[in-house]
Each structure stands twice: as C-alpha cells, then as structure tokens.
Amino acid sequence: MLAALIGPALVLLTGLAAPTGIGLTNNFMSFARAMAFAQHPLGKLILFGVILLFIWHGAERIYLTLRDMHAGAKFPLMWICYGTAGVLTLITMGALATIGF
Amino acid sequence: MSRSRPYIRPVETLWWARPPYLAYTLREATGVAVLGYALVLLAGVVSLANGERAYNVWLDFLKSPWSLSLHVLFLIGMIAHTWTWFRILPKTMPRLVIGRRVLPQIRVTAAGVAVAAASFIFIVLVAVWTQP
C-alpha cells in the first residue's frame, strides 16, 4: 500500500526532478542536505521504512509470480527471493548505522 | 479419472506470456519497478555512508540519460502499480454494504486512487516548499 501511495511521487522527485533541476533546485539532494536528512532520527526512519518495505514488497511479488510460472520448487525459490531481500535489509541497516547521528 | 491414475491437465510452459494471462504477468511485473527503485535508493544510502566523493558519484549517475530513462520506466511502473493495486483491493475485501445496497467495487478503486493522487500532490508540495 505504501508503494502505491508514495511510490510515484518519490520516483518523480528523486529520480527526475532533482537530478535535472526541472521543478526543483539543483542542490535539493546535495551531500549536506542528504546528510542532515539521514542523520536526523525521523529521516533515518523514513529511509529505513521506504527502502525496506519496497524491497520486501518487490521480493514477494517476484516470488509469487515465479511460483505461478512454475519456475522452481517452493523452498529454493523462497530462499532466493526472500534471502536476497534479507541480505539487502542487512546492507541497509549497516549503511544507516554508519551514517550515524 | 480414478484414484490410481489422476487426470493432470497439460499446462503450456509459456502460459503467462499469452493473453489473457499476459495482463496478469505485466501487473505483477510492476513489483520489479518497486524493487528496482528501492535498489537505487539503497545505492544512494550506501554511497552517503561512504562520504561526499562517493555520494557525488551517485548524484552524477542520477543525472545520466541511463538513469533518467530508467526512472521514467520506474514512474510508469509505479503508476501502473498504484492503479492495479486499487483495482485488486475491493476484490480481496468482503463486499461493503451500506444500508441495504452493495457498494460497487469501482467506487472503492476510485476512493483509493483519489487518496493516492492527494498523497502524490502533498509530497510534491512538501518537496517544493522545503527546497533550498
């Protein structure tokens, strides 16, 4: 549900408007602003929530679609899809912890 | 059909690539756009943790034509994701009954899409208001 509600806006802002400078100023995502956002507890929570929920939602969709296509047995496919999501979760937590407060 | 030899109907291997199932496959494929965008954000967070030089490399990648076309695809995928999400939502819920009348499923979809549109506008406005 989160992806449905905030997904399009985030892609538009961070992927199209901020890099090209159309609609937003060019230093919208500068290092200083990004660091200030990521070091704030609320900013960290937002980054954590958005990245993780999108990763797990995408992993679930991919797993269920591959199962429907009879691409593999249940448990190997589960390990591949959700295992990858788990590894990405650990990377996210590590990166956010490194950014610190 | 008997117990010793059950009938298993043959299933074509590429059933998911043929209409009408292709629509289902494309709908589920919007999940790849969600995951792909999350990976771009993850790359950004990891580069942020690695310092200013690495983060600027990520910013320069975002400005490249590859990244811009990828994000256009992500945007199309996300919008399709939202639309199909709210199309599915009333089908998985119990039928809503108001008084004595059943609420049509398209009304639930329209309400969901309206909330998504309002949330989109809200986020864009917050970004424009908080820009330097």
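Same order as they appear, the protein sequences are chains A and B. Oh and the first sequence: position 99 is 99 in the numbering used here, straight run, nothing missing. For any residue, its number in the numbering used here is found by taking its place in the second sequence, counting from 1, and adding 1000. Note that beta-carbon positions come from the ideal geometry of N, C-alpha and C, so glycine has one too. Source: prediction; values computed, not measured.
- Query: By Cβ distance below 8 Å, which residues in the same chain neighbour B/MET1078 in space, the five residues on each side in sequence not counted?
  - Reply: Mapped onto the second sequence, residue 1078 of chain B falls at position 78. Non-local C-beta neighbours of B/MET1078 in its own chain, meaning closer than 8 Å and more than five positions away in sequence, comprise THR1030, ALA1033, VAL1034 and TYR1037, ordered along the chain.
- Message: Which same chain residues end up closer than 7 Å to A/PHE54 when comparing Cβ atoms and leaving out the 5 residues on each side of it in sequence?
- Response: What you label residue 54 of chain A is simply residue 54 of the first sequence in a count that begins at 1. Within the same chain, ALA3 come within 7 Å of A/PHE54 by CB-CB distance, once the 5 residues on both sides are set aside.
- Flag this pair as yes or no: are the beta carbons of B/VAL1108 and B/LEU1096 separated by less than 8 Å? As a working note, residue 1108 of chain B is residue 108 in the second sequence. As a working note, residue 1096 of chain B is residue 96 in the second sequence. Yes; because the gap between Cβ atoms is below 8 Å, this pair is in contact.
- Closest by CA to B/ALA1117, which one among B/THR1082, B/ALA1127 and B/ASP1060? Sequence index remark: in the second sequence, residue 1117 of chain B carries index 117 (1-based). Selected option, being the one with the closest Cα: B/THR1082.
- Look up B/VAL1097 in the DSSP assignment and give the residues it is bridged to. Taking the first residue of the second sequence as 1, we reach residue 1097 of chain B at position 97. In DSSP, B/VAL1097 forms a bridge with B/VAL1102.
- Query: Thinking C-beta only, is B/LYS1063 closer than 8 Å to A/PRO19?
  - Reply: Here residue 19 of chain A refers to the residue found at position 19 of the first sequence. Here residue 1063 of chain B refers to the residue found at position 63 of the second sequence. Annotated as proximal: A/PRO19 and B/LYS1063, with beta-carbon spacing under 8 Å.
- Could you tell me whether the region 1042 to 1058 of chain B touches the region 31 to 51 of chain A, where touching means 3 or more Cβ pairs closer than 8 Å? Yes, they touch.
- Pick from A/MET69, A/LEU24, A/PHE101 and A/TYR63: whose alpha carbon is nearest that of A/ALA85? For this step, residue 85 of chain A is matched to residue 85 along the first sequence. Closest in C-alpha terms to A/ALA85, from the list A/MET69, A/LEU24, A/PHE101 and A/TYR63, comes A/TYR63.
- Message: For chain B, check one thing: does any of its Cβ atoms lie closer than 8 Å to the Cβ of A/ALA73?
- Response: Walking along the first sequence from the start, residue 73 of chain A turns up at place 73. With 8 Å as the cut-off, A/ALA73 does not count as an interface residue toward chain B.
- Within 8 Å (strictly less), CB to CB, does A/VAL50 reach chain B? Position 50 of the first sequence, counted from the first residue, corresponds to residue 50 of chain A. Residue-level contact by beta carbon holds for A/VAL50 and chain B, with a gap shorter than 8 Å.
- Task: Determine which residues of the region 9 to 26 of chain A have a Cβ less than 8 Å from any Cβ of chain B, and write them out in chain order.
- Result: Of all residues in the region 9 to 26 of chain A, those with a C-beta nearer than 8 Å to a C-beta of chain B are ALA9, LEU10, VAL11, LEU12, LEU13, THR14, GLY15, LEU16, ALA17, ALA18, PRO19, THR20, GLY23, LEU24 and THR25, reading in chain order.
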